[in-house]
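Under numbering that gives the first Met the number 0, read the sequence shown as residues 0 to 305, first letter to last.
Worksheet for the structure shown next.
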Amino acid sequence: MSASLDLSLIVHTRNRRDMLHPLLRSTAFIGERIIVDMASDDGSADLCEQAGCRVIRIPAEPFVDELRNRYLPLATRGWTLLLDSDEYLSADAEGLIGTLIATAGDRIDAYGIPRFNYIGADRLPAPGWYPDHQIRLFRTGVIAFQKGHHQRPVVLSGDERLALVDPSGGLHIHHQNYRDLREFIARQLDYALTDDYEGERDLRLYLSEAYEAMERGLGDHERSDLDAALAIVMAWDRVVRGVIHWEASGRTTELTRAFSLPLVVEQGPAFVALEQRVRDFENSTSWRVTAPLRRLSMWLRSIRQR
């Protein structure tokens with residue numbers, strides 16, 4: 000195992016033995032590898048110890064993101080690489096990481112690394128899924144994670160000291176997200192039900208984000224049926240979160256003016272009614288809400304012209 004890079008690796012895991020082999024192989028060049036194992040009972044911790052990693056065994060906790068802050072100080076090297084247990088690096092990662100560290104100088108404290116996401120064997124190329132930069136390589140001590148699921152970590156020295164790695168020929172993380180769509184849907188629902196919902200937030204903002212999710216998956220780019228399926232699920236995820244947030248904040252806002260997310264392609268009465276509701280809605284709300292709705296309106300017109 001090479002220890003030439005001034006680099007530590009930290010990984011949190013729970014019952015991921017079947018997915019850890021690519022991670023352990025692709026990070027074997029890192030001299031200090033720290034695995035924080037959350038009460039795995041499938042041999043994950045033992046596998047990591049056999050691969051030469053330092054394993055910290057802790058009780059299981061539902062939220063991983065903020066938990067990371069407790070264990071980041073364990074890294075003793077100048078730079079830290081953070082990976083999830085279902086992620087791994089490509090074969091040329093050692094040289095690419097070495098170049099990033101060497102060229103950081105006194106200007107860069109953290110790198111956003113592009114990430115390939117997968118469902119089964121299918122890589123997801125649609126916007127929103129790629130390049131999906133993740134802040135995972137950073138000077139030890141300059142990153143703090145926030146509460147909730149998948150929140151962007153804070154660069155404590157300022158975002159001006161964050162650089163995004165060019166996806167063209169640069170370092171990538173490979174993320175084995177989900178085995179299939181069923182697992183994807185189950186995980187999204189679990190995230191929605193267990194996330195933090197603070198304060199009040201208009202449901203129409205969630206609906207706006209739902210339309211944006213649809214546009215990312217079904218917009219003017221090369222796409223597949225899988226892209227469309229994911230766009231539909233992510234759009235409904237925003238609607239579900241909006242309703243959960245509404246209830247968590249005491250059901251104090253009026254929902255009657257908000258309308259549900261339509262997935263209509265037939266040009267029947269429902270299609271005509273949807274067109275009218277979109278026109279009424281975009282004429283009565285702010286630009287922040289109506290921008291994606293205007294794009295939806297264009298999409299509806301394109302269907303009518305077919």
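Each residue gets a CB set at the ideal place from its N, CA and C atoms; glycine is no exception.
It should be emphasised that the depicted structure is a prediction, and the values quoted were computed from it without experimental measurement.
How far does the beta strand (DSSP E) with residue i in it extend, from its first residue to its last?
i	result
Phe183	No beta strand (DSSP E) holds Phe183; the alpha helix (DSSP H) holding it covers Leu180 to Thr193.
Asn116	Arg114 to Ile118
Leu82	Trp78 to Asp83
Arg32	Glu31 to Met37
Ala162	Leu161 to Leu163
Can you give me the Cβ contacts of residue i inside the same chain, cut-off strictly under 8 Å, excluding the 5 residues immediately before and after it?
i	result
Val154	Asp108, Ala109, Ile134, Phe137, Val141, Ile142, Arg160 and Leu161
Gly198	Ser248
Gly119	Tyr177, Arg178 and Asp179
Pro58	Met37 and Ala38
Leu254	Leu202 and Trp245
Let me see if you follow: with CB-CB separation under 7 Å, is residue i close to chain B or not?
i	result
Asp226	Absence of chain B from the displayed structure is noted, only one protein chain being present.
Quick one: give me the first and last residue of the alpha helix (DSSP H) that residue i is part of.
i	result
Tyr70	Arg67 to Tyr70
Ser43	Ser43 to Gln49
Ala101	Ala92 to Thr102
Is residue i close to the ligand COA? I mean its beta-carbon at under 6 Å from any heavy atom of the ligand.
i	result
Thr12	This structure simply doesn't include the ligand COA, nor any ligand for that matter.
Can you name, in chain order, every residue of its own chain whose Cβ lies under 6 Å from the Cβ of residue i, other than the five neighbours on each side?
i	result
Tyr87	Pro21, Leu22, Ser25 and His173
Arg53	Ile33
Ser39	Arg13 and Asn14
Tyr196	His244 and Ala247
Arg67	Phe144
Asp189	none
Specify the secondary structure class of residue i as computed by DSSP and reduced to three states.
i	result
Glu60	coil
His244	helix
Val263	Bear in mind that the predicted position of Val263 carries a pLDDT of just 45, short of 50, making it too unreliable to give a figure here.
Thr12	strand
Glu86	strand
Arg203	helix
Tyr177	strand
Leu254	coil
Asp224	helix
Ala269	Note that Ala269 has pLDDT 49, beneath the 50 cutoff, so the model's placement of it is unreliable and the number below is only indicative. Helix at Ala269.
Leu22	helix
Arg122	strand
Leu73	helix
Leu229	helix
Name, in chain order, the residues that DSSP records as bridge partners for residue i.
i	result
Val154	Ile142
Gly111	Ile134 and Leu163
Val54	Ile34
Ile172	Leu88 and Arg114
Leu6	Trp78
Near residue i, which residues of its chain fall below 7 Å by C-beta distance, leaving aside the five closest residues on each side in sequence?
i	result
Leu170	Ala92, Leu95, Ile96, Leu99, Ile112 and Val164
Met76	According to the sequence shown, residue 76 is Arg rather than Met. Hits under 7 Å: Asp5, Leu6, Ser7, Glu31 and Thr139.
Val232	Phe183, Ile184 and Gln187
Thr251	Glu199
So does the segment 163 to 170 actually touch the segment 110 to 125, counting three or more Cβ pairs closer than 8 Å? Cβ pair count under 8 Å is three or more, so yes.
Do the segment 225 to 242 and the segment 177 to 191 make contact, defined as three or more Cβ pairs closer than 8 Å? Yes, the segment 225 to 242 touches the segment 177 to 191.
Count the C-beta pairs between the segment 69 to 83 and the segment 1 to 16 that are closer than 8 Å, then say yes if the count reaches three, no if not. In short, these stretches touch, since the Cβ pair count reaches three.
Below 8 Å, how does it come out for the segment 41 to 48 and the segment 121 to 135: are there three or more Cβ pairs, yes or no? Here the segment 41 to 48 does not lie against the segment 121 to 135, with fewer than 3 beta-carbon pairs under 8 Å apart.
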